[in-house]
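**Student:** Residue numbers (our numbering): 26 to 143. We put the CB at the ideal spot given by N, CA and C, even for glycine.
1. In the stretch 77-137, which residue ranges form an unbroken beta strand (DSSP E) of at least 3 residues, counting only runs that do not cross its ends?
2. Distance, Cα to Cα, residue 140 vs residue 52?
3. Please name the residue, chosen from 129, 119, 97, that lies closest to residue 50 on a Cα-to-Cα basis.
4. Which term fits residue 31, buried or exposed, when burial requires 16 or more other beta carbons within 10 angstroms of its beta carbon?
5. For the alpha helix (DSSP H) that residue 49 lies in, which residues bound it at each end?
6. Considering only their Cβ atoms, is the gap separating residue 100 from residue 56 smaller than 8 angstroms?
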């Protein structure tokens with residue numbers, strides 16, 4: 026490898042490490058900017074607009090989540106992005122994305138169980 030190639034790879038890793046240090050607000054802002062560019066009609070049910078009474082309850086639970094957790098849930102479930110894709114696109118570690126996704130799914134499941142919805 027040439028010196029320039031090694032330098033490029035090192036800089037790319039450094040940039041990714043610095044992005045991974047971003048706080049929740051910055052990551053949430055990145056996700057919000059991305060979601061502003063997408064058509065909301067393309068978001069899958071039950072997160073997207075329309076649907077049944079159960080979907081409305083789930084959207085209500087999602088609306089009450091913390092912003093980063095809600096954004097990751099919308100990306101993974103609504104936009105059908107993989108955790109790895111969310112991690113790469115928004116500069117977050119996969120473990121962090123997984124933690125927020127598990128928290129979101131757990132919160133939806135707990136609220137639905139409490140309301141008697143399956």
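**Tutor:** Well, looking at it:
1. none
2. 31 angstroms
3. 97
4. exposed
5. 49-62
6. yes
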